[in-house]
Structure formats: C-alpha cells, structure tokens
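Notes for the one structure printed next.
Chains as they are written, first to last, in this note's numbering: chain A, 1 to 205; chain B, 1001 to 1131.
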C-alpha cells in the first residue's frame, strides 16, 4: 500500500544564522590547521631576535669583572628575551588567524614552562650555595628540556633545537667555567638564530 | 572532523544565505574597498580543509591529506583536482623507491583566496555584532 503524506508537515527548523555559520567555518579552519600539526606559533623571527639579544648579553657579560656580574647581565637578557619572543609569537598567531592558547599552543606552553620555573628556583639555590659556575649549564639543560617537551606538539625542528640546547648544557656542566660565556653565546645566540631562520622561512614567520 | 560523503560538487549548497549578503557595505574587502564575493570553490568543507591544512605546511602528501581529512581516495582526488584547476594548489608526482608519491603545495593564489575567505567570514561576524 502506498504511503500517505500528511497535508500539514512539521515545520523544518530555521537554518543557522549567517554569523553562526561563519563562526563554524572559522572554527573548522582553526581545527584543521591544528590537526595538520605543522603550524608552530613559535615565531622564527622572534627566535632570531632572542639570539641577537643573547649575543649582546654575551658581549656585555664578557667585559664584567666577576662571574656574578656576568650572571646579572644574563638574568637581564632572560627577562627581555622572553618578552620579545612573546610579542613575536602573538603577532605570528594573529597574522595566521590562529588563537595562541588553543590546541598545540596551549600544550606547548604547559610543557615548556615547568622546566623554566624549576630553572629559576635552582638559580636561587645554586647562587646561595656559591655554585654560580653551574648556573649556565643548568639553564641550558632546563631550557632545552622545555623546548624538547613543548616541541613534541610542534614542528619537528623545534624538539631538535631542544636537544641541541641539552647537549650544550651537558658540555657546559662538564667543561671549565671559563668556557661558560662562549657556550652560552653559541647556544642562546647561535642556536636561536640558526633554528629561527628556517622556522621563519618554512613555518609562517 | 566530520566524514565527507561521496565526491560531489555541492558548491551551491548551503551558501544561498551567504550569497544574499554580497554587496553590503560592511562586507567590503580590506584592501580593495570592494565587496568580497564568497569564494565558493573553497567554501566547500573538504576543499576548505585541504587549503587550511596546506596553509600551515610546506607541502603535504596525498596520504597525509587523506588521513587528516578522514576521507576516501576518490573524494580527495576529485576535490584536490578542482583546487588544482583553479591554481590554488600545485601537485607534484614522484616516486619514492617504487611507490608513487603525490605532494600538494598551496600556491600564492590559494593563500590569497584563503585570506580573502577568512576576511569574509570575519566581516560576516562583525556585521552581526554591529547590528
């Protein structure tokens, strides 16, 4: 028997409003970019700027009369450099229409920051214990650990950079204290610039 | 991400509402000053996904895109071909050992199209908020 179509059909729901569809499309683009996994909010040009700051710090630290004063120069650089890097990162994410604290960006930050907090605490401990010469090696090791851990959610080149920092930290810990300035300049300056340029060229700035 | 069905040209589906807003003064292009037309070529979900994924990668292989878009070989190749024909993406075929490999890259034209599309979506949201 043929089916009977009712005369009064139930009304179909209203189609979603234009702005709702637009927001849905933007969310889809963002999710796809995140899932594609190769986007890194880490700014390559920001890293180059950090490298230049590190070189400037290395030059200033080298002319300081005591290792403690050289350490102060590096601490000042450690305050300025992240601010520059953060600004470049926010700018890059905005240009790519990617929210910085969503998906991989948030994971990167959560993995990257704990070793830095530990580094700040250990700096105090080693300073109070009179082990200032150990601080550069510890900084490099923990910075590398943070980059390696955070880089797991980023492009492949980022964790490789983390490993290089860890290697530099290991060398600094087991080499004469007089080498520390050179190792810091090579790592914080050279590695940031060396890795920053390809990241900027290949991964959107 | 939703699974995509059979390969079909559904450029016209679901965009009629968007088409009605063309020409409104608050949907003007950021640089040209003229209203943006909705790019229906990348408005389709799978094609929008391909362009978005390529926008954040140097290049992606056919199998990478297939996994990412959770779609079938046939569906992906049909939609990728459309983007290729519009010069939004470039395709290179090579061999990795004995295995054929197809790589896709976003062209400058494709990147501009995605930027225009993003501007269009943002303008739609802005227009609603300003009302």
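Each residue gets a CB set at the ideal place from its N, CA and C atoms; glycine is no exception. Computed from a predicted model, the values in this text were never measured in an experiment.
Residue 56 of chain A and residue 88 of chain A have their alpha carbons spaced roughly 19 angstroms apart. DSSP places residue 174 of chain A in the coil class of the three-state scheme, outside both helix and strand. Within chain A, the residues whose beta carbon sits less than 7 angstroms from that of residue 1121 of chain B are 22, 25 and 26, listed in sequence order. Counting C-beta pairs closer than 8 angstroms gives fewer than three between the region 168 to 183 of chain A and the region 46 to 53 of chain A, which falls short of the contact rule. Contact between residue 83 of chain A and residue 73 of chain A does not hold, since the beta-carbon distance rounds to 16 angstroms and is not under 8 angstroms. If you draw a straight line from the Cα of residue 135 of chain A to the Cα of residue 146 of chain A, it comes to about 16 angstroms. Spanning the alpha carbons of residue 64 of chain A and residue 76 of chain A requires a straight line of approximately 14 angstroms. Interface annotation, residue 32 of chain A: in contact with chain B, CB-CB separation under 8 angstroms. According to the DSSP assignment, residue 22 of chain A belongs to the alpha helix (DSSP H) that extends over 18 to 36. Listed in chain order, the positions of the region 1046 to 1060 of chain B with a beta carbon within less than 9 angstroms of a beta carbon of chain A are 1048, 1049, 1050, 1051, 1052, 1053, 1054, 1055, 1056, 1057, 1058 and 1060. In the DSSP assignment, residue 65 of chain A falls outside any beta strand (DSSP E), carrying neither H nor E. In this structure, residue 50 of chain A sits near residue 85 of chain A, with a CB-CB distance shorter than 8 angstroms.
Neighbourhood of residue 36 of chain A in chain B, by CB distance below 7 angstroms: 1053, 1056, 1057 and 1068, in chain order. Check the Cα spacing between residue 1043 of chain B and each of A:54, A:34, A:28 and A:42: the tightest is with A:28. A Cβ-Cβ distance of about 5 angstroms is found for the pair residue 162 of chain A and residue 144 of chain A, placing them in contact under the 8 angstroms criterion. In this structure, residue 1064 of chain B sits away from residue 202 of chain A, with a CB-CB distance that is not shorter than 8 angstroms.
Sequence-ordered contacts of the region 1102 to 1126 of chain B with chain A read 1118, 1121, 1124 and 1125 [C-beta pairs closer than 7 angstroms]. In this chain, the beta strand (DSSP E) harbouring residue 1104 of chain B covers 1099 to 1106. Within the region 1038 to 1102 of chain B, the complete alpha helix (DSSP H) segments at least 4 residues long are 1040 to 1043, 1045 to 1055, 1062 to 1069 and 1073 to 1085, listed from N- to C-terminus.
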